[in-house]
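2 protein chains.
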Amino acid sequence: MDISIIGGTGDEGFGLTLRLARAGNRVTIGSRIAERGSAVADTAREILGAGATVDGAANEEAATADVVIVTVPFGGQAEIYRSIKDHVKADAIVVDCTSPLATAVGGRAWHVVRPWHGSAAEQAKAILDPAVRMVAAFHTISGEALQDLEHEMESDVLVCGTDKEAKAVVGGLIDDIPNLRWVDAGDLTQARIAETLTALMISINRTYKIHDAGVRITGRDAWGLPGS
Amino acid sequence: MDISIIGGTGDEGFGLTLRLARAGNRVTIGSRIAERGSAVADTAREILGAGATVDGAANEEAATADVVIVTVPFGGQAEIYRSIKDHVKADAIVVDCTSPLATAVGGRAWHVVRPWHGSAAEQAKAILDPAVRMVAAFHTISGEALQDLEHEMESDVLVCGTDKEAKAVVGGLIDDIPNLRWVDAGDLTQARIAETLTALMISINRTYKIHDAGVRITGRDAWGLPGS
Chain A
1 MDISIIGGTG
11 DEGFGLTLRL
21 ARAGNRVTIG
31 SRIAERGSAV
41 ADTAREILGA
51 GATVDGAANE
61 EAATADVVIV
71 TVPFGGQAEI
81 YRSIKDHVKA
91 DAIVVDCTSP
101 LATAVGGRAW
111 HVVRPWHGSA
121 AEQAKAILDP
131 AVRMVAAFHT
141 ISGEALQDLE
151 HEMESDVLVC
161 GTDKEAKAVV
171 GGLIDDIPNL
181 RWVDAGDLTQ
191 ARIAETLTAL
201 MISINRTYKI
211 HDAGVRITGR
221 DAWGLPGS
Chain B
1001 MDISIIGGTG
1011 DEGFGLTLRL
1021 ARAGNRVTIG
1031 SRIAERGSAV
1041 ADTAREILGA
1051 GATVDGAANE
1061 EAATADVVIV
1071 TVPFGGQAEI
1081 YRSIKDHVKA
1091 DAIVVDCTSP
1101 LATAVGGRAW
1111 HVVRPWHGSA
1121 AEQAKAILDP
1131 AVRMVAAFHT
1141 ISGEALQDLE
1151 HEMESDVLVC
1161 GTDKEAKAVV
1171 GGLIDDIPNL
1181 RWVDAGDLTQ
1191 ARIAETLTAL
1201 MISINRTYKI
1211 HDAGVRITGR
1221 DAWGLPGS
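This is the structure in structure tokens:
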């Protein structure tokens, strides 16, 4: 499956690049400047070794993939989506990983602002063609932990979206990452809650002087596809 | 320690009554009607056996305890706090367990409304004497699981509050319940996030057809008092 990661040069995006490429996926790192994407793709291939397929591209080109993962800070999120909207395929799956942290307006990382559309993911959906299948995910996964390939992932991924098939596809990618589990958290509006967990984790990190607080959902031995 | 539970006749409140009384605490169940509180206290003593100290009282009397735990639906929360405000001691610790579920306005239990003060706990704080030490907790703990004394608690309690000593006292009560852990989630404003987790758990329960989804915080082996 063709996957691109817009913002793949940042911590979260680069971590997802490494994990998804190591699982055998072809990953394109999108960047505002194509050369920057290519340089970071070189670094990824150096880390992963010869078998990995990672390329770099300008965001507009990366946006044409089947699955487009967007990992950018909230302050620039709308602008990025407007810049790629004419390039995203109508049947694409777009995975938004944005958390509306108050840092976007000079505030604290353990506070959030409230996007007009309810969540950052819904703001993104409002910019793209209505046919695009939007999924929100990865808010509780630290970029640092993703990048450390020896680190066993402990936190679960909450997946929100209205299209069940799109959630299953994204869930399949998550299942390819060792020890990472996904939980179907409901429709896209549930991102209003899931996105704010990033700030809560940062608050806990700050209180306990740690770096990678996460959440595991309890109440069932296995999660993933509901009904399975 | 004298503990009272306003709303102790409801699922969450009765579950906390059983668990805290079993741990050796003296618990008063508050109810709008004193006789109703006493009747439910009788039931609790029947379940727990002779050693347990559980009494019933009218809310106004129950509100004079050292630690007042309030477990009421959001729709009636402000009214309950106004009815007890003149009875709560100035140095009391008040633990608010309210989640602003949209059911309060005829909506869905997996949606929330946004309290004017930011969170239900901050709304409660605004009603009480400013000296009262407010803590928000127990949003991710199912009343059903608490009432089933054979059930090993799996979900962590997120504790929010601005007074560190008050959080430590509440944390001590939580530590008395077998398998229950508490995580200091930050100051009282973090309840804006923690309270909404109830709705997210209900969304997950609904999707997976289960009853007690919860959260465990990962990233540290032990939680509780920060710095310990």
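Going down the list, the sequences are from chains A and B.
Using the numbering used here, you'd call the opening residue of the first sequence number 1 and step up by one each time.
Using the numbering used here, you'd call the opening residue of the second sequence number 1001 and step up by one each time.
Here a beta-carbon is modelled for each residue, glycine too, at the ideal position from N, C-alpha and C.
Put simply, the backbone Cα of B:D1086 is about 37 Å away from that of B:S1228. The residue from A:T207, A:A62, A:P100 and A:T140 with its alpha-carbon nearest to that of A:I33 is A:A62.
B:V1094 is a Cβ neighbour of B:M1134, given a cutoff of 9 Å. In this structure, the straight-line span from the alpha carbon of B:D1091 to that of A:A109 is close to 32 Å. Residue burial annotation: B:K1167 is buried, with at least 16 other C-beta atoms found within 10 angstroms of its C-beta. The Cβ of B:W1110 sits closer than 9 Å to at least one Cβ of chain A.
Here DSSP, grouped into helix, strand and coil, assigns A:V72 to coil.
Bridge pairing for B:M1001: absent [DSSP]. For A:M134, not one C-beta of chain B is nearer than 9 Å to its own C-beta.
Secondary structure at A:L200: helix, using DSSP grouped into helix, strand and coil.
In the three-state DSSP reduction, B:R1108 falls in the coil class, being neither helix nor strand. Around A:R45, the same chain offers A52 and V54 as residues with beta carbons nearer than 6 Å, after the five sequence neighbours per side are excluded. In this chain, the alpha helix (DSSP H) harbouring B:D1042 covers A1034 to L1048. Counting along the chain, no beta strand (DSSP E) covers B:G1172; the unbroken alpha helix (DSSP H) around it starts and ends at K1164 to D1175. Interface flag for B:A1121 against chain A is unset, since no Cβ pair is found closer than 9 Å. Among the residues facing chain B, A:D11 is not included, as its CB has no counterpart in that chain under 9 Å away. Using a Cβ-Cβ cut-off of 9 Å, A:D129 does not count as an interface residue toward chain B, since no Cβ of chain B sits closer than that to its own. Considering only beta carbons, no part of the stretch 1005-1039 of chain B lies closer than 9 Å to chain A.
For A:G13, the enclosing alpha helix (DSSP H) begins and ends at D11 to R22. Sorting B:V1132, B:E1154 and B:A1145 by C-alpha distance to the C-alpha of B:D1163 places B:V1132 at the top. At a C-beta separation below 9 Å, B:P1226 has these neighbours in chain A: T207, Y208 and K209.
Cβ neighbours of B:A1021 within its own chain (closer than 7 Å, five residues either side excluded): V1027, A1044, L1048, A1052, T1053 and V1054. Secondary structure at A:S31: strand, using DSSP grouped into helix, strand and coil. Judged by DSSP secondary structure, A:R192 falls within the alpha helix (DSSP H) whose first and last residues are A191 to A194.
Here B:A1222 is exposed. Its C-beta has fewer than 16 other C-beta atoms within 10 Å. Comparing C-alpha distances from B:V1040 to each of B:T1098, B:G1106, B:D1184 and B:G1008 shows the shortest one belongs to B:G1008. Approximately 6 Å separates the beta-carbon atoms of A:I217 and B:V1215; this is inside 8 Å, confirming the contact. Scanning the stretch 112-155 of chain A from its first residue to its last, the whole alpha helix (DSSP H) runs of 4-plus residues come out as 120-127 and 143-147.
Across the set A:R19, A:I3, A:I210 and A:I5, the C-alpha of A:R19 shows the shortest separation from the C-alpha of A:E150.
Secondary structure at B:I1210: coil, using DSSP grouped into helix, strand and coil. Put simply, the CB of B:M1001 is far from chain A, with every gap to its CB atoms at 9 Å or more. With fewer than 16 other CB atoms across the displayed protein chains lying within 10 angstroms of its CB, B:R1114 is exposed. Each of B:D1002, B:G1219, B:V1159 and B:D1011 was checked against the Cα of B:A1023, and the nearest Cα belongs to B:D1002. Contact of B:T1098 with chain A is not assigned, every C-beta pair being separated by 9 Å or more.
Taking each of B:K1089, B:C1097, B:D1042 and B:N1025 in turn and checking the Cα distance to B:I1006, the smallest one comes out for B:C1097. With the criterion set as a beta carbon lying under 8 Å from some beta carbon of chain B, the members of the stretch 144-169 of chain A are E154, S155 and L158, in sequence order.
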